[in-house]
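In full-length UniProt numbering, the protein residues as written are 1 to 450.
Worksheet: the structure to be examined is printed underneath.
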């Protein structure tokens with residue numbers, strides 16, 4: 001059982017905290033590229049790992065992330081003038097270039113060289129996959145950018161939504177790697193499992209039926225260079241197990257399993273402060289553009305959350321009890337809340353801004369969560385004690401997938417799913433391993449009958 005001190009150790013990510021120092025060893029999404037759409041466009045506020053920053057796109061198109069407070073008297077550079085490869089404070093006109101160096105002090109004597117002695121904080125940034133990435137750690141330990149498959153495909157193949165969630169990052173991460181909640185929190189009532197599976201997942205209804213009917217998966221966890229590979233095993237008929245494989249990537253990234261040929265999904269949980277975080281939801285299809293229907297679902301709150309116009313705040317939130325519909329809860333969805341993301345957010349937020357883990361009663365289905373906490377605490381303490389962490393220096397280790405598939409019962413899941421987890425492999429239902437159908441004993445269910 002965790003103590004309250006353990007909870008604080010995991011939850012606090014501000015400057016100087018052990019977990020904050022761990023997060024700073026990894027590239028983090030800071031904002032969407034479209035938030036600073038053009039050279040010299042308006043500055044944008046960014047809160048990241050307890051630091052208040054502003055993002056700008058310079059005259060040459062280069063993105064930059066700068067400490068919000070002007071080092072002169074602390075005025076906010078959010079109100080500054082983004083011009084000529086730098087940002088100028090509107091209070092006294094001090095200007096800073098993209099390295100943070102002050103290059104102009106118009107209220108000081110022309111003969112003064114004081115400006116050469118003043119510098120503000122600017123963090124390294126890179127632009128990839130529709131996101132501005134930032135590195136807030138030791139420059140000597142900077143890793144390669146993570147080469148996620150979704151960031152390498154054409155823009156037409158992916159959809160990204162950024163959502164501000166008012167809860168600590170960790171309880172949302174733990175929801176992402178908990179495969180046993182899906183049949184409940186995201187389930188339906190008043191219908192058979194088969195009806196639910198057939199209605200919503202026609203293309204893979206045989207596999208989705210297995211997911212719906214076996215509500216108590218067995219968990220297997222493998223420690224890997226990126227973090228953990230978590231296999232949730234369900235009954236797959238006479239000859240197979242049905243595996244849903246989640247990739248958890250240190251410190252707060254999860255790849256959510258999907259059936260071959262369909263959508264792959266990646267969730268980033270980026271701490272703003274200790275009681276809020278930015279959630280980047282990325283859906284993509286490796287080998288084809290999204291259809292108009294898929295884009296419509298993503299853009300209208302069917303799969304990605306519906307946002308309050310002009311903000312990253314979800315329409316359904318704690319202030320309005322997520323617009324829970326009790327009638328729908330009795331006869332429609334298990335939760336009575338519309339939207340998968342909103343359902344996850346509701347339960348995470350209901351735990352409190354920072355969940356007290358000293359009162360938890362964990363079971364076998366929490367194996368992945370327990371292991372992830374141990375990895376995080378071990379790495380952060382090692383860093384605190386003067387050690388170093390690999391921090392995924394090689395960006396290629398992120399080039400992988402999270403499949404849901406059938407594996408023969410006598411084959412370990414990581415062996416049977418090796419090709420499915422390899423992002424170099426074809427992602428199509430035509431491949432041999434994806435065409436396997438379950439042999440089922442039940443009557444009136446999809447799949448091959450025994």
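Ideal placement from N, C-alpha and C gives every residue a C-beta, glycine not left out.
Owing to the predicted nature of the structure, the values given are computational and were not obtained by experimental measurement.
Can you say whether residue i is buried or exposed, counting buried as having 16 or more other CB atoms within 10 angstroms of its CB?
i: residue 216; result: exposed
i: residue 246; result: buried
i: residue 337; result: buried
i: residue 182; result: buried
i: residue 168; result: buried
i: residue 380; result: buried
i: residue 299; result: exposed
i: residue 1; result: exposed
i: residue 434; result: buried
i: residue 5; result: exposed
i: residue 411; result: exposed
i: residue 501; result: Since the displayed the chain opens at 1 and closes at 450, residue 501 lies outside it and no answer follows.
i: residue 283; result: buried
i: residue 352; result: exposed
Which partner residues of residue i appear in the DSSP bridge assignment?
i: residue 412; result: Its beta-bridge partners do not exist; DSSP assigns none.
i: residue 28; result: 134
i: residue 232; result: 219, 244
i: residue 267; result: 254, 281
i: residue 55; result: 44, 65
i: residue 102; result: 96
i: residue 397; result: BP columns for residue 397 are empty, so no partner.
i: residue 162; result: 280
i: residue 82; result: 87
i: residue 406; result: 242
i: residue 224; result: 227
Give a yes or no on whether the C-beta atoms belonging to residue i and residue j are separated by under 8 Å.
i: residue 99; j: residue 313; result: no
i: residue 80; j: residue 73; result: no
i: residue 160; j: residue 31; result: no
i: residue 129; j: residue 148; result: yes
i: residue 59; j: residue 101; result: no
i: residue 25; j: residue 389; result: yes
i: residue 403; j: residue 342; result: no
i: residue 154; j: residue 27; result: no
i: residue 170; j: residue 10; result: yes
i: residue 308; j: residue 315; result: yes
i: residue 127; j: residue 33; result: yes
i: residue 265; j: residue 279; result: no
i: residue 67; j: residue 274; result: no
i: residue 347; j: residue 93; result: no
Excluding the five sequence neighbours on either side, which residues of its own chain have a C-beta within less than 7 Å of the C-beta of residue i, listed in chain order?
i: residue 397; result: 225, 226
i: residue 236; result: 210, 242, 406, 438
i: residue 409; result: 239, 240, 241
i: residue 430; result: none
Which one of the options has the shortest CA to CA distance from residue i?
i: residue 119; options: 113, 221, 152, 96; result: 96
i: residue 230; options: 240, 239, 257; result: 257
i: residue 187; options: 411, 61, 332; result: 332
i: residue 363; options: 107, 92, 219, 20; result: 219
i: residue 172; options: 414, 311, 248, 136; result: 248
i: residue 262; options: 305, 27, 420; result: 420
i: residue 212; options: 222, 233, 223; result: 233
i: residue 177; options: 49, 399, 372, 393; result: 372
i: residue 162; options: 123, 29, 351; result: 29
i: residue 387; options: 14, 75, 22; result: 22
i: residue 292; options: 137, 61, 156, 124; result: 156
i: residue 70; options: 139, 121, 378; result: 121
i: residue 451; options: 254, 37, 418, 214; result: Residue 451 is absent from the structure shown; the chain starts at 1 and stops at 450.
i: residue 51; options: 40, 382, 16; result: 16
i: residue 267; options: 7, 325, 180, 344; result: 344
i: residue 180; options: 395, 108, 365, 136; result: 365
i: residue 260; options: 277, 285, 281, 272; result: 285
Short of 6 Å in beta carbon distance, which residues of its chain neighbour residue i, apart from the five on each side in sequence? Order them along the chain.
i: residue 250; result: 227
i: residue 199; result: Model confidence at residue 199 stands at a pLDDT of 40, short of 50, so the residue's coordinates are unreliable; what they give is reported in the following sentence. Around residue 199: no qualifying Cβ.
i: residue 287; result: 427
i: residue 56; result: 43, 64, 82, 87
i: residue 35; result: 44
i: residue 436; result: 406
For residue i, I'd like the list of residues in its chain whose CB is within less than 8 Å of its CB, leaving aside the five on either flank, ordered along the chain.
i: residue 340; result: 186, 303
i: residue 413; result: 220, 231, 233, 241, 243, 245, 407
i: residue 138; result: 24, 25
Could you tell me whether any non-hydrogen atom of the ligand COA is closer than 7 Å to the CB of residue i?
i: residue 84; result: In the structure shown, the ligand COA is absent, as is every other ligand, since no ligand is present at all.
Please confirm if residue i has its CB atom under 8 Å from at least one CB of chain D.
i: residue 329; result: Checking the listed chains, one finds no chain D in this structure; it contains a single protein chain.
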